[in-house]
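In terms of my numbering, the sequence shown opens at residue 2 and continues consecutively.
Note sheet for the following structure.
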Amino acid sequence: MLAGTDFVVIFLYVLLMVWIGLIARRRSGNVDEYFTAGHNLPWWMAAVSHHVSGYSAVVFVGFAGRAVIAGFSIWTLFSLGVFTAMVVGFRIWPPRWSRLKVLTPVEYLETRYNNTVRLVLAAIGILKKFIDLGIKLFAISVVVHVVTGWDVLSVIIVAGLITVVYVLVGGLWATVLTDLIQFVIQLGMSLVVLYMVLAAVGGWDRMWEQLPVERSALFNDAAGIGMWFWLVYLVVIVFSYNGGTWGLA
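Structure, rendered in structure tokens:
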């Protein structure tokens, strides 16, 4: 369980997120600035935000649990698949969006096809996000419940409200700035944990030596992550990252 100092840190962090949302509001004076940061977002901030946006408590709870069973193949399934999808998307969509000067992905679909296509995909995306974000909020509530003893439903409500406040108030700038802070915290803690884990198992080489062969391979048929499964999943994730996740934009 957490101590009093831990709760103070959490409270200050929450205040920081809300404060960033209020500060970012000054830079979101119109629709263009709210949704696209006025097209002035530095590339490195966009990259960090995209990286952090790919993480949630599902990754640290669900994927970590899956990694215990599947081993290194979980990296093949998740990270390599997402990387491939992003490369495909990077080569195809940004030039078109820039040329058409659209603010959101579904606006591009309206320009390319018609408003009906935009509305259908938006509706599907909203439904998908209810499920997706619901699972993620539940995952983070499980983590918080374990370390604090707080009620799961209360954590879901509070975490959801905090996110809604800074995003609605500050737009894209608020999202990117909070992502940047989360990245610094995550990277710092990850390096500390990596050092502690390697020290506990006797170093990098020793860690790999202790792993069963199937858990150190790119694919693990026994865990359901074989090459053919991955190839099919790759097609799905490419379409998801370049179509299915547009619905809320």
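Here a beta-carbon is modelled for each residue, glycine too, at the ideal position from N, C-alpha and C.
Quick caveat: nothing in here was measured; it's all calculated off a predicted structure.
Burial state of residue i, where buried means 16 or more other Cβ atoms lie within 10 Å
i: residue 213; result: exposed
i: residue 18; result: buried
i: residue 51; result: exposed
i: residue 124; result: exposed
i: residue 120; result: exposed
i: residue 41; result: exposed
i: residue 150; result: exposed
i: residue 172; result: buried
i: residue 21; result: buried
i: residue 78; result: buried
i: residue 107; result: buried
i: residue 254; result: Absent from the model: residue 254. The displayed extent of the chain is 2 to 250, so no value can be given.
i: residue 178; result: buried
i: residue 221; result: buried
i: residue 204; result: exposed
8 angstroms contact criterion, which residue i and residue j should meet: CB distance rounded
i: residue 180; j: residue 54; result: 6 angstroms
i: residue 69; j: residue 140; result: Their Cβ separation, rounded to whole angstroms, is 16 angstroms, which puts residue 69 and residue 140 out of contact at 8 angstroms.
i: residue 80; j: residue 226; result: Incorrect: roughly 13 angstroms between the Cβ atoms, too far for contact.
i: residue 239; j: residue 86; result: 5 angstroms
i: residue 97; j: residue 109; result: 7 angstroms
i: residue 128; j: residue 112; result: No, residue 128 and residue 112 are not in contact; Cβ-Cβ is about 24 angstroms, not under 8 angstroms.
i: residue 167; j: residue 160; result: With 8 angstroms as the limit, residue 167 and residue 160 do not qualify as a contact, their Cβ atoms being about 12 angstroms apart.
i: residue 90; j: residue 242; result: 6 angstroms
i: residue 26; j: residue 170; result: 5 angstroms
i: residue 208; j: residue 199; result: 7 angstroms
i: residue 234; j: residue 82; result: 6 angstroms
i: residue 184; j: residue 15; result: With 8 angstroms as the limit, residue 184 and residue 15 do not qualify as a contact, their Cβ atoms being about 18 angstroms apart.
Nearest neighbour of residue i, chosen from the options [CA to CA]
i: residue 72; options: 219, 149, 31 and 236; result: 219
i: residue 23; options: 130, 85 and 164; result: 164
i: residue 105; options: 175, 36, 235 and 211; result: 36
i: residue 162; options: 134, 178 and 177; result: 134
i: residue 157; options: 138, 175, 169 and 11; result: 138
i: residue 11; options: 148, 206 and 177; result: 148
i: residue 66; options: 224, 46 and 118; result: 224
i: residue 251; options: 228, 187, 95 and 183; result: Residue 251 lies beyond the residue range present for the chain, which begins at 2 and ends at 250; the question has no answer from this structure.
i: residue 145; options: 237, 215 and 61; result: 61
i: residue 32; options: 221, 4 and 103; result: 103
Runs of 4 residues minimum, wholly inside the segment 95 to 179: which ones carry the alpha helix (DSSP H) assignment? Given a length threshold of 4 residues, each whole run of the alpha helix (DSSP H) inside the segment 95 to 179 is given here in chain order: 106 to 113 and 116 to 149.
| said: Quick check for students: name the residue ranges of the alpha helix (DSSP H) that lie wholly in the segment 189 to 238, counting only runs of 4 or more. | reply: Correct list: 205 to 211.
Contained alpha helix (DSSP H) runs [length at least 4] in the segment 11 to 63, N- to C-terminal order | Positions of the alpha helix (DSSP H) runs, each at least 4 residues long and wholly inside the segment 11 to 63, are given as 32 to 37 and 44 to 54 in order along the chain.
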